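The structure under discussion appears below in the form of structure tokens.
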Amino acid sequence: MEQSILTDLKKAAKKSLKANQNALASTQKQLEILNGELFEGGDLPYFKDKIAETGQFPLRPKKLEVLQINVGYMCNQVCGHCHVDAGPDRKEIMTRETMEQCLSVIRNTSAHTLDLTGGAPEMNPDFRWFVEEASRAGIKDFIVRSNLTIILANKKYHDLPEFFKKHNVHVVSSMPHYTRGKTDKQRGDGVFDKSIKALQMLNQVGYGRPDSDLRLDLVYNPSGAFLPTDQAAMEHDFKKALKADFDIDFHNLFAITNLPISRFLDYLIASDNYEDYMYSLVDAYNPAAVENVMCTNTISVSWDGWLYDCDFNQMLDLKVASKVKHIKDYNDDVLSNRDIIISQHCYGCTAGAGSSCQGTVA
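Going left to right, the sequence shown walks through residues 247 to 608 as this note's numbering numbers them.
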């Protein structure tokens, strides 16, 4: 049954939920489901009540360390689990004017890490300009979240490994599995082979090698309605298999729990797994993981400059609870004195060892 659902979703995933006019393209509809019967009826506790049990409500920000900027939802892939609902049909792209506003904030905050994401961030026409300007601003850790296949998608992207090396970019790459079947199942036919080729190209310029300062990390998302297993064990398996089969090296593997929003929520509902998955998240809740969730040290910026506590809140259009809501009005003091917006999807970041854009947190 689940396999047939996956096949149907794979066929439908040639376009985004938005292009398909799917009801779940509406963030309001997603929030109605997340706040719906399971929680309204008392079967499961609201996330705010769960963290209140350990005195962690309201959730408050710490010192800003990471500025995560989504430079556009356009992507050359349409992945089945994508919480951004990215794809070739998404035209939302950050302008240079908004990038200039981001650069001003970068120069005047305590943020030491700039995390560029998308879609495929490399598809923004001002991507390289932005990387060059941000590099001059003195960022210590410059992350680009690449889907890997973009490097092979067009000749104009073939030199990205060299460009990344020139600016000492920390490359964080999507890689659902070290086998073709599981990777293509989640991301589309042919993605595995292109990803392997891209990783080899990155290795060739020095990325990911054991003695290299050119950081290359991989990201694992489960391909179905289950939580990731032990991150360290998976990293060992990934390294062993990719080295043996393709002579590929990388530094770390980040295991990220799929949050029940956007396309993954669509999959959970279509495969009749939503209720079980939410129970799994709540059952795996770990109060220790709450201490280091990414929303406490990160500000997320959307392609049009709005501010969010995290990338997932951005995709649910849950803007920061602050008078300052846009990058053009950025004020560190005002933003540091806010409560973090939470909802039931937050269970995904606090299940088991926890989950963030940097992998486990507890």
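Glycine included, every Cβ here is placed at the ideal spot set by N, Cα and C.
Please read all numbers here as calculations on a predicted model, not as lab measurements.
Excluding residues up to 5 positions away in sequence, Asp361, His416 and Val418 lie with their Cβ nearer than 6 Å to the Cβ of isoleucine 389 in the same chain.
The C-alpha of proline 291 lies about 6 Å from the C-alpha of phenylalanine 285. Here phenylalanine 500 carries a strand assignment [DSSP, helix/strand/coil]. If only uninterrupted alpha helix (DSSP H) runs of at least 4 residues are considered, those enclosed by the segment 266-341 are 273-280, 283-286 and 293-298. For glycine 470, the closest C-alpha among the options Lys443, Lys275 and Lys431 is that of Lys431. At a Cβ-Cβ threshold of 7 Å, aspartate 557 and serine 546 count as neighbours. With respect to alanine 535, threonine 596 sits close: the two C-beta atoms are nearer than 7 Å. Threonine 344 carries a helical assignment under DSSP once its states are collapsed to helix, strand and coil.
Here DSSP, grouped into helix, strand and coil, assigns phenylalanine 472 to coil. In the DSSP assignment, leucine 362 is bridged to Ile315 and Val390. Contact between aspartate 563 and threonine 341 is ruled out by a C-beta separation of about 19 Å, above the 8 Å threshold. The DSSP-derived three-state label of alanine 399 is helix. No Cβ-Cβ contact shorter than 7 Å links aspartate 387 with serine 508. Shown here for serine 350: not one same chain residue has a beta carbon closer than 6 Å to its own, the five before and five after excluded. Taking 4 residues as the shortest admissible run, the segment 402-486 contains the following complete alpha helix (DSSP H) segments, listed from N- to C-terminal end: 406-412, 426-433 and 437-450. Residue state for tyrosine 593 is assigned as helix, using DSSP reduced to three classes.
Following the DSSP letters along the chain, one finds valine 377 inside the alpha helix (DSSP H) bounded by residues 373-382.
Secondary structure note for isoleucine 545: its beta strand (DSSP E) is the uninterrupted segment 544-547. The beta carbons of glycine 454 and phenylalanine 484 sit no closer together than 7 Å. Going by C-alpha positions, glutamate 283 is about 29 Å away from arginine 584.
The beta-carbon separation of glutamate 368 and serine 392, rounded to 7 Å, stays under the 8 Å limit for a contact. Judged by DSSP in its simplified three-state form, tyrosine 576 adopts coil rather than helix or strand. In this structure, DSSP gives lysine 489 a helical state, which the three-state scheme calls helix.
Ranked by how close their Cα comes to the Cα of serine 262, the residues Lys294, Asn316, Asn322 and Ile279 have Asn322 in first place. With fewer than 16 neighbouring CB atoms inside 10 Å of its own CB, glycine 427 falls in the exposed class. In this structure, DSSP gives leucine 553 an extended state, which the three-state scheme calls strand. Taking C-beta atoms as the reference points, glycine 318 and glutamate 346 fail to come closer than 7 Å.
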